[in-house]
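Colleague:
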Amino acid sequence: MGNVLVVAEHSDQKLRKVSLPAVTFAKQAADLLGGQVIGLVVGSQVKAVAQQFAVSGVDRVICLDDPSFVGYLAESVAPAVAEVAKEVQAQLVCCPASVQGKDYLPRVAAILDAGMVSEAVAVWKEGDHLRFKRPLFAGNILAKVAVDGPVAVATVRTTEFEPLPPGAAAPIEERTSAHPTSLVTFKSFVPVVSERPDLNDATVVVAGGRGLKSKEGFALAEQLADTLTAAIGASRAAVDAGWVPNDWQVGQTGKIVAPSLYIAIGISGAIQHVAGMRGSKTIVAINKDEEAPIFQVADYGLVADAAKAVPELIEQIRSLKG
Amino acid sequence: MKILVTIKRVTDPDVKVRLLPDGSGVDTANIEYKINPFDEYALEEALRLREANPGRIDEIVVVSVGSDAATKELRVAMAMGADRGILVDCEDSQYDPGVLAAILAQIIKQEGVDIVMMGKLAVDGENNQVAQRLAHLLGYGQGTFTLEMKLLANSVLISTQADGGTRHLEVALPAVITRADMKDEDVRYASLPNIMKAKRKPLATLTPADLKVDLSPKVRTLGYEVPAGRAAGQRVESVDALVDKLVNEAKVL
């Protein structure tokens, strides 16, 4: 008893790395409950995903492989997840707090009539019951919560949990389970094509904001990112101005990142932006406004015009790398 | 066709909230309140949908689950262009997203709604659950994180934020749609004449007990704390000094 169900996230027949911290969270909870971590893969042609998930630290994998899952839809995935959760008598059902996870997991919670914790950052036990911590108010406050009832549901803030070292391959149980839906029709997915590292798992992130003044100005941040083989991010101001795609937005309503090095260029540091990057190990801010709030969270602050400082920085890093 | 837009009264998202000294909750002294920005975007989307489809959308109703003070936010929403308001008068912080979804589902069943428009999340509680739960309770399809929306005969075509790109979906009506980021300057203001007019628009008040739904939350808050702050940083005077620090002190280059 005390099983924890963790749902994998995947794209193009590959396990997405954000799945791994969710396994770590699931493992912590399962150890507290004295149960197993059961990995679940839902999709079409996902046998390779199940094999990758099997070495992530789960005790076993259930793989629902069915053509009805072509083109991800919450209306087909949620009932499938809920069905497995009931069958394995999961006390906790979790997945990464990705856009997709945030889309379908509340629907799973509704099907199971369960309480749900959004963006869990910690789990522990008091008596026989799990307790969770989650951020509120753009991460400025943490709430400690309890979930009543036989099953709890949680999305996991992936920056808060380190992936487990790869383990022996857990057994995989393959099944077919059709969950077609007439409520929504999947039309297409248009990826943002990029040669750069993914924002979610990059070691270095360079992000630009309003201070870069234009799309052309923003290219400076991109050049610096490429010099550092870094991922590129942006503040909401840069996205709203139409300089960069919304997929690049870092913040409360964009991506939550925690790289080793985060370089914020021309970003003022609004509460909503800081919410998305405050967990970074080292933060550098370059901004010509010395009063900018970004300097309050930066380890190293340089008051300078980006147009002058960034090319100089690129030059120096190039010569360092020889 | 009827659209229902949910409106939450939240603390000013641009002000950093603090905990009360005893940690029992948020210090609301001297704090301004406004409509949750994403709910404002959802309302703007609904108003645009009506303008883009003349004669098709008969009514836009705004609903708030919250204290009597949320009457102000509902009046602002009506000044922006909503036709009438419903206030479910209660201390909403005692409820979890499951209860809020049950309350809204009951109202939507009574009203007969074609499109439920909501913000993608409330910037205070940050749960991002009510819309998806509501869609399940009503048996509707959901379109979350929507950036663009077009009304067809019996469905909506939407583009939504997704991990690593954009999704394009057709959601059959009735549906629950949540609106993602919108430029603030694209959201209409409530003009003074419209604010005056909104005072005469109908606003019904009811209580959760009137709706006969289970009001016991499953998620209980046990306490609050402030996350560990970051240690004070340092200013560097030049790019040279910055690179030196990153190489020799932080050891990240």
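As they're listed, the protein sequences go chains F and H. Using the working numbering, the first residue of the first sequence is number 69, and each one after it goes up by one. Using the working numbering, the first residue of the second sequence is number 8, and each one after it goes up by one. Glycine included, every Cβ here is placed at the ideal spot set by N, Cα and C.
Can you name the residues that DSSP bridges to Y330 of chain F?
Modeller: What you label residue 330 of chain F is simply residue 262 of the first sequence in a count that begins at 1. In DSSP, Y330 of chain F forms a bridge with F:V273, F:I351.
Colleague: Among F:P248, F:A178, F:P231, whose alpha-carbon lies nearest the alpha-carbon of A150 of chain F?
Modeller: Counting from 1 along the first sequence, the entry for residue 150 of chain F is found at position 82. For the residues F:P248, F:A178, F:P231, the minimum Cα distance to A150 of chain F belongs to F:A178.
Colleague: Pick out the complete beta strand (DSSP E) segments inside the region 17-45 of chain H, 3 residues or longer, and give them in chain order.
Modeller: Runs found: 40-42.
Colleague: Could one say the Cβ of V312 of chain F lies closer than 8 Å to chain H's Cβ atoms, at least one of them?
Modeller: Taking the first residue of the first sequence as 1, we reach residue 312 of chain F at position 244. Taking Cβ atoms only, chain H never reaches closer than 8 Å to V312 of chain F, which makes this a no.
Colleague: Have a look at F:P89, F:H247, F:G70 and flag the residue whose alpha-carbon is nearest the alpha-carbon of P234 of chain F.
Modeller: Translated into the one-based positions of the first sequence, residue 234 of chain F becomes position 166. Minimum Cα distance to P234 of chain F is reached at F:P89.
Colleague: Does N419 of chain F come within less than 8 Å of chain H when only Cβ atoms are used?
Modeller: Because chain F here runs from 69 to 390, residue 419 of chain F falls outside it and cannot be looked at.
Colleague: Let me see if you follow: with CB-CB separation under 8 Å, is Q291 of chain F close to chain H or not?
Modeller: Walking along the first sequence from the start, residue 291 of chain F turns up at place 223. Q291 of chain F does not count as touching chain H.
Colleague: So, is H60 of chain F buried or exposed, given that buried needs 16 or more other C-beta atoms within 10 angstroms?
Modeller: No answer is possible for residue 60 of chain F: the residues shown for chain F start at 69 and end at 390.
Colleague: Applying the criterion that 16 or more other CB atoms from any shown protein chain within 10 Å of the CB defines a buried residue, is G146 of chain H buried or exposed?
Modeller: On the second sequence, residue 146 of chain H is found 139 positions in, with the first residue counted as 1. Exposed, because fewer than 16 other Cβ atoms sit within 10 Å of the Cβ of G146 of chain H.
Colleague: Buried or exposed: K115 of chain F, going by 16 or more other Cβ atoms within 10 Å of its Cβ?
Modeller: Translated into the one-based positions of the first sequence, residue 115 of chain F becomes position 47. Exposed is the call here.
Colleague: Measure from the C-beta of I339 of chain F to each C-beta in chain H and report whether the shortest distance is under 8 Å.
Modeller: As a position in the first sequence, residue 339 of chain F is number 271, starting the count at 1. Output row for I339 of chain F: interface = yes.
Colleague: Using a cut-off of 8 Å between C-beta atoms, extract the partners of I385 of chain F located in chain H.
Modeller: Working through the first sequence from its first residue, we reach residue 385 of chain F at position 317. Simply V250, L260.
Colleague: Mind checking whether V299 of chain F and V260 of chain F have CB atoms under 8 Å apart?
Modeller: Against the first sequence, residue 299 of chain F aligns to sequence position 231. Against the first sequence, residue 260 of chain F aligns to sequence position 192. Residue identity differs from the one stated: residue 299 of chain F is Ala in this sequence, not Val. Cβ atoms of A299 of chain F and V260 of chain F: not closer than 8 Å.
Colleague: Mapping the DSSP letters down to three states, classify Q136 of chain H as helix, strand or coil.
Modeller: The sequence position of residue 136 of chain H within the second sequence is 129, counting from 1. In the structure shown, Q136 of chain H sits in coil (DSSP, three-state: anything other than H, G, I, E or B).
Colleague: Given that a residue counts as buried once 16 or more other Cβ atoms are within 10 Å of its Cβ, and exposed if not, what is K170 of chain F?
Modeller: Numbered from its first residue, the first sequence carries residue 170 of chain F at position 102. Per the 10 Å Cβ criterion, buried.
Colleague: Count the other CB atoms, across all protein chains shown, that sit within 10 Å of the CB of Y102 of chain H; report buried if there are 16 or more and exposed otherwise.
Modeller: Within the second sequence, residue 102 of chain H is the residue found at index 95, counting from 1. Y102 of chain H is buried by the Cβ-count criterion.
Colleague: Closest to R175 of chain F by CA distance: which of F:A190, F:Q159, F:P147, F:V156 is it?
Modeller: Along the first sequence, read from residue 1 onward, the residue named residue 175 of chain F stands at position 107. Nearest C-alpha to R175 of chain F: F:P147.
Colleague: For T321 of chain F, which three-state DSSP category applies?
Modeller: As a position in the first sequence, residue 321 of chain F is number 253, starting the count at 1. In the structure shown, T321 of chain F sits in coil (DSSP, three-state: anything other than H, G, I, E or B).
Colleague: Consider the Cβ of T350 of chain F: report whether some Cβ of chain H lies at a distance smaller than 8 Å.
Modeller: The residue labelled residue 350 of chain F in the question sits at position 282 within the first sequence. Yes, T350 of chain F counts as interfacial toward chain H.
Colleague: So, does the CB of P104 of chain H fall closer than 8 Å to a CB anywhere in chain F?
Modeller: Along the second sequence, one-based indexing puts residue 104 of chain H at 97. Yes, its Cβ sits closer than 8 Å to a Cβ of chain F.
Colleague: Express the C-alpha separation of V70 of chain H and R91 of chain H in angstroms, rounding to a whole number.
Modeller: Position 84 of the second sequence, counted from the start, is the residue given in the question as residue 91 of chain H. Position 63 of the second sequence, counted from the start, is the residue given in the question as residue 70 of chain H. The alpha-carbon atoms of R91 of chain H and V70 of chain H are separated by roughly 9 Å.
Colleague: Going by other Cβ atoms of all chains shown within 10 Å of its Cβ, with 16 needed for buried, is K95 of chain F buried or exposed?
Modeller: By one-based count along the first sequence, residue 95 of chain F stands at place 27. Counting Cβ neighbours within 10 Å, K95 of chain F comes out buried, since at least 16 surround it.
Colleague: Taking Cβ positions only, does V233 of chain H come closer than 8 Å to chain F?
Modeller: By one-based count along the second sequence, residue 233 of chain H stands at place 226. So, interface residue.
Colleague: For the candidate residues F:E383, F:L83, F:I362, F:I106, whose alpha-carbon lies nearest to that of E155 of chain F?
Modeller: The residue you call residue 155 of chain F lines up with position 87 of the first sequence. Measuring from the Cα of E155 of chain F, the nearest candidate turns out to be F:I106.
Colleague: Would you list the one or two residues that DSSP bridges to N201 of chain H?
Modeller: For the purposes of this step, residue 201 of chain H is taken as the residue at position 194 of the second sequence. The partner list for N201 of chain H (beta bridge, DSSP) is empty, contrary to what the question assumes.
Colleague: Can a CB atom of chain F be found closer than 8 Å to the CB of K41 of chain H?
Modeller: As a working mapping, residue 41 of chain H is identified with position 34 in the second sequence. Judged by the 8 Å Cβ criterion, K41 of chain H is not in contact with chain F.
Colleague: For M87 of chain H, which of helix, strand or coil comes out of DSSP?
Modeller: Here residue 87 of chain H refers to the residue found at position 80 when the second sequence is read from its first residue. Helix.
Colleague: Select from the region 124-147 of chain H all residues with a C-beta closer than 9 Å to any C-beta belonging to chain F, and list them in chain order.
Modeller: Those residues of the region 124-147 of chain H that come within reach of chain F (Cβ to Cβ, closer than 9 Å) are K127, L128, V130, D131, G132, E133, N134, N135, Q136, V137, A138, Q139, R140, L141, A142, H143, L144, G146, Y147.
Colleague: Leaving out the 5 sequence neighbours to the left and right, which residues in its chain are closer than 8 Å to N204 of chain F when beta-carbon positions are compared?
Modeller: As a first step, residue 204 of chain F must be located in the first sequence, where it is residue number 136. According to the sequence shown, residue 204 of chain F is Leu rather than Asn. Closer than 8 Å at Cβ, skipping near neighbours: L210, A211.
Colleague: Relative to the alpha-carbon of A375 of chain F, which residue among F:V91, F:E228, F:L280, F:V86 has its alpha-carbon at the smallest distance?
Modeller: The residue you call residue 375 of chain F lines up with position 307 of the first sequence. For A375 of chain F, the nearest C-alpha among the options comes from F:L280.
Colleague: Ignore the nearest five residues each way along the sequence and tell me which others in I385 of chain F's own chain have a CB closer than 6 Å to its CB.
Modeller: Residue mapping note: residue 385 of chain F aligns to position 317 of the first sequence, counting from 1. Excluding residues within five positions, the ones whose Cβ falls inside 6 Å are T295.
Colleague: Return helix, strand or coil for S74 of chain H, following the three-state DSSP convention.
Modeller: On the second sequence, residue 74 of chain H is found 67 positions in, with the first residue counted as 1. Reduced to three states, the DSSP call for S74 of chain H is coil.
Colleague: Run down chain H in chain order and give the residues with a C-beta less than 7 Å from the C-beta of E380 of chain F.
Modeller: Looking up residue 380 of chain F in the first sequence gives position 312. In chain order: V246.
Colleague: Looking only at C-alpha atoms, which of H:V226, H:A257, H:L81, H:P234 sits nearest to G240 of chain H?
Modeller: The residue you call residue 240 of chain H lines up with position 233 of the second sequence. The residue with the shortest Cα to Cα distance from G240 of chain H is H:A257.
Colleague: Could you say which of H:K15, H:M124, H:K219 lies nearest to A53 of chain H if we only look at CA atoms?
Modeller: Within the second sequence, numbered from 1, the residue matching residue 53 of chain H stands at position 46. That would be H:M124, whose Cα lies nearest to the Cα of A53 of chain H.
Colleague: As a quick exercise: from F:V189, F:A246, F:Q81, F:A238, pick the residue whose alpha carbon is nearest that of A222 of chain F.
Modeller: As a first step, residue 222 of chain F must be located in the first sequence, where it is residue number 154. For A222 of chain F, the nearest C-alpha among the options comes from F:V189.
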